[in-house]
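Note that the sequence shown covers residues 917 to 1132 in the numbering used here.
Where a beta carbon is used, it is the ideal one built from N, C-alpha and C, also for glycine.
All figures in this text were calculated on a predicted structure; none of them were measured in a lab.
Here is the structure we will look at.
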Amino acid sequence: MKPKDSDKLSTGKRIEQALLTEISVGKLEPGQRLDEAGLAERFGTSRTPVREALSRLTAQGVLVEGEKRGVFVAEYSREELSQIFEAMHEIEAACARIVSLRLNFLSRSEIEAAQIVCEDAAASGDTARFIQANEDFHMAIYRATGNPFMAEIASEFRRRTGPFRAKKFATHEDLLASAQSHRDLMADIFSRDSATASKGMRDHMTLSFMETLKAN
């Protein structure tokens, strides 16, 4: 039986990925301290792989070392958040432009599948599920570029801003509005017009940024 990709990962890498997911969907909030001993108990392992995971996330800028012992989820000022979103605008718009030109049946299907989950979660008011589906939707767009380097850069920005973006989904109406924004964005990307796709993503990201600022 062929092993799953997750089975091939080291314990430290699995912990790293789990924490990244929790940060990107806002389960771990800006400024929250990560306790090494608590994480080791939670994941059923020694402190060594936990320490490795925290060290890698710190090197990525997702976590920061505190003045005292411990590491914390990175916090940003409104100015820093604005600068990060400015960079995100450019990367995401470039991804949308490239996808509109390279779109194939598989990548389109993955984007549509992620949106179906977004729609379902929005309709039922399941915020946690929607936030995860929202991340999956954008990740599907990144993969559709066919450029793993660009996808990784885009993913890094999403990881850094996840706890801040998650706060904008405060009501059922917020989920429904975001799902509608996805529908508009998909139409722009699937038009296969690169200028339309790029503008659509810029509009989507501008709305996201404004809502994020209001929530933080």
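If the five residues before and after R1075 are omitted, its C-beta is found closer than 7 Å to the C-beta atoms of L936, I939, S940 and V978, all from its own chain and listed in chain order. Take E1026, set aside five residues on each side of it, and the residues of its chain with a beta-carbon closer than 6 Å to its own are A1056, in chain order.
Per DSSP, V1015 is one residue of the alpha helix (DSSP H) stretching across R994 to R1018.
With respect to the 9 Å criterion, L944 and G986 are not classified as neighbours on the basis of their beta carbons. Excluding the 5 residues flanking it on each side, A1082 has same chain C-beta neighbours closer than 7 Å at V941, G942 and I1047, in chain order. For the pair T1077 and C1011, the CB atoms are not nearer than the 9 Å cut-off. Closest in C-alpha terms to A1111, from the list M1126, R1013, M1121 and F1065, comes R1013.
In the three-state reduction of the DSSP assignment, R963 falls in the helix class, which pools H, G and I. Taking the CA atoms as reference points, D1042 sits about 24 Å from Y1058. Under a 10 Å Cβ-count criterion, G928 is classified as buried, with 16 or more other Cβ atoms of the shown protein chains found around its own Cβ. DSSP, reduced to helix, strand and coil, places R985 outside both helices and strands of the structure shown, so it counts as coil.
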